[in-house]
Amino acid sequence: MKKKIAIVKLGHIDHLLNIDKIKNWSSSLFEIVHIHCIDYLPDSDVEDGYLDKKYTRNGLSEKMKCPTDCDYAIGIMRYRFEDNFYLHRINKKCGVISLNGIEDILRKESISLENFIIKQIYEIVALTHLVGDMSSDEVYKYVHLDTRGCLFDMNGERTDILYNTEKPIICDSCREAFRKQQINSDVVKKLERELPKIRKPFIISIEKKIKKYPLLSVIISALVPITLSIIANLICELIE
Ligand SMILES: [Zn+2]
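Here our numbering = 1-based position in the sequence shown + 18.
Dropping the structure here:
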């Protein structure tokens with residue numbers, strides 16, 4: 019059964035991303051059933067003498083609620099957490115994604131913020147299958163500190179999100195964790211079918227290849243018209 023997810027926009031984030039792309043993402047594992055917005059956030063609850071807004075998990079926990087008809091609510095904000103990590107579970111049925119600084123990291127590989135958020139939703143949804151209480155530290159049994167390109171990479175070094183936001187895998191040990199917990203094997207099958215779809219648009223992939231291999235691109239550009247000309251001549255001769 020699909021997990022029902024609510025997205026909660028914390029403050030003004032519409033200028034940062036296309037929320038409809040996230041809402042319309044097709045998955046057999048979850049569906050976004052609500053998009054809520056909390057326009058005004060409380061004052062920063064971290065008193066460190068600096069003026070930038072930053073939050074603790076407790077500070078946001080009072081503000082975020084999961085609708086009764088949803089399994090989990092995911093808040094998205096542009097402000098940072100006090101520890102600068104990008105995803106925190108703030109209570110039993112709510113988590114918050116901080117986009118602070120994320121766009122700058124993703125830009126290097128032309129990865130969109132929408133793909134970044136969709137990947138986080140998959141991670142949360144997958145964990146809800148494994149863990150009874152999402153606010154418990156039981157979650158740490160399933161994420162790993164080393165970066166394997168896996169959905170469950172911890173990304174303690176934030177720049178590692180470059181290696182597992184697009185087309186994340188389920189590594190062997192994580193697949194085994196699902197098996198040991200006797201989770202229906204359909205869950206892993208669906209994850210492995212859908213996660214490769216988190217990728218950049220085809221045209222951007224081509225642009226990146228051209229930038230990475232400029233000489234090869236020039237050679238291909240030169241060869242294509244020559245090849246087409248040869249094929250056209252051959253067709254003409256066959257017709258004649
Ligand atoms: Zn893994």
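Cβ coordinates follow ideal geometry from the N, Cα and C atoms, glycine included.
None of the values given here were measured: they were computed from a predicted structure.
Segment contact, 8 Å Cβ cut-off, at least three pairs: the region 70-80 with the region 100-113: A contact exists between the region 70-80 and the region 100-113.
4-residue-minimum alpha helix (DSSP H) runs that sit fully inside the region 26-54, ordered along the chain: The qualifying runs are 37-41.
Closer than 6 Å: F170 CB and nearest ligand 1 heavy atom: Here residue 170 corresponds to residue number 152 of the sequence shown, with the count starting at 1. Correct: F170 has its Cβ closer than 6 Å to ligand 1.
Burial state of L124, where buried means 16 or more other Cβ atoms lie within 10 Å: Within the sequence shown, the letter at position 106 stands for residue 124. Around the beta carbon of L124, a 10 Å sphere encloses 16 or more other beta carbons of the protein chains shown; the residue is thus reported as buried.
Whole-angstrom distance between G29 and C55, CA atom to CA atom: In the sequence shown, counting from the first residue as 1, residue 55 sits at position 37. In the sequence shown, counting from the first residue as 1, residue 29 sits at position 11. Taking the CA atoms as reference points, C55 sits about 7 Å from G29.
Sufficient close CB pairs (3 or more, under 8 Å) joining the region 143-150 to the region 188-201: Yes, since at least three Cβ pairs between the region 143-150 and the region 188-201 fall closer than 8 Å, the two stretches touch.
Proximity below 7 Å, CB of V157 to CB of F170: Along the sequence shown, one-based indexing puts residue 157 at 139. Along the sequence shown, one-based indexing puts residue 170 at 152. No, the Cβ-Cβ distance between V157 and F170 is not below 7 Å.
Residue(s) in a DSSP beta bridge with G7: The question about residue 7 has no answer here: the residues shown for the chain are numbered 19 through 258.
The region 31-43 contacting the region 88-108, beta-carbon criterion three pairs below 8 Å: Look at the beta carbons and you see the region 31-43 touching the region 88-108: at least three pairs across the two are nearer than 8 Å.
Supposed contact pair L47 and K22 - C-beta distance, whole angstroms, cut 8 Å: Counting from one through the sequence shown, the residue named residue 22 turns up at place 4. Counting from one through the sequence shown, the residue named residue 47 turns up at place 29. With a Cβ gap of about 11 Å, K22 and L47 do not count as contacting.
Exposed unless 16 or more other CB atoms sit within 10 angstroms - verdict on D155: Numbered from its first residue, the sequence shown carries residue 155 at position 137. Under this definition D155 is an exposed residue.
Which listed residue (M82, V64, M152) has its alpha carbon closest to that of T74: Residue numbering aside, residue 74 sits at position 56 when the sequence shown is read from its first letter. Looking at M82, V64, M152, the one whose alpha-carbon comes closest to that of T74 is V64.
Reference K207, options L117, E175, V149, I188, closest by Cα: In the sequence shown, counting from the first residue as 1, residue 207 sits at position 189. K207 has its Cα closest to that of I188, out of L117, E175, V149, I188.
Rounded separation between Y140 and K218 - CA only: The residue given as residue 140 occupies position 122 in the sequence shown. The residue given as residue 218 occupies position 200 in the sequence shown. Each residue's CA atom was taken as its position, placing Y140 and K218 some 17 Å apart.
Neighbour-count burial assignment, P186, 16 or more Cβ in a 10 Å radius: As a working mapping, residue 186 is identified with position 168 in the sequence shown. That one is buried.
Cut-off 7 Å between Cβ atoms - residues of its own chain near I50, not counting five sequence neighbours on either side: For this step, residue 50 is matched to residue 32 along the sequence shown. Closer than 7 Å at the Cβ level, and outside the excluded window around I50, lie I23, I25, I40, K41.
Whether I216 touches N133 by CB criterion (7 Å): Here residue 216 is taken as the residue at index 198 of the sequence shown, counted from 1. Here residue 133 is taken as the residue at index 115 of the sequence shown, counted from 1. Result yes, Cβ atoms of I216 and N133 sit closer than 7 Å.
Residues that I56 bridges to, as DSSP identifies them: Numbered from 1 along the sequence shown, position 38 holds the residue referred to as residue 56. DSSP, once it has assigned bridges, lists L28 as partnering I56.
Interface flag, I50 vs chain B, CB-CB below 7 Å: Among the chains in the structure shown there is no chain B, since it carries only a single protein chain.
Boundaries of the alpha helix (DSSP H) in which R211 is found, first to last residue: Walking along the sequence shown from the start, residue 211 turns up at place 193. Unbroken alpha helix (DSSP H) run through R211: 203-212.
I108: first and last residue of the uninterrupted beta strand (DSSP E) it sits in: Position 90 of the sequence shown, counting from 1, holds the residue named residue 108. Counting along the chain, the unbroken beta strand (DSSP E) around I108 starts and ends at 105-109.
Length of the line joining the Cα atoms of D122 and I129: Reading the sequence shown from its first residue, position 104 is the one you call residue 122. Reading the sequence shown from its first residue, position 111 is the one you call residue 129. Taking the straight line joining both Cα atoms gives about 10 Å.
DSSP-derived helix/strand/coil call for F99: Taking the sequence shown and counting its residues from 1, one reaches residue 99 at position 81. The DSSP-derived three-state label of F99 is strand.
Contact set for T183: own chain, Cβ-Cβ below 8 Å, skip 5 residues either direction: If you number the sequence shown from 1, residue 183 lands on position 165. Taking T183 as the centre and dropping the five residues before and after it, the same chain places the C-beta of L124, I129, N133, F134, K137, I216 closer than 8 Å to its C-beta, in chain order.
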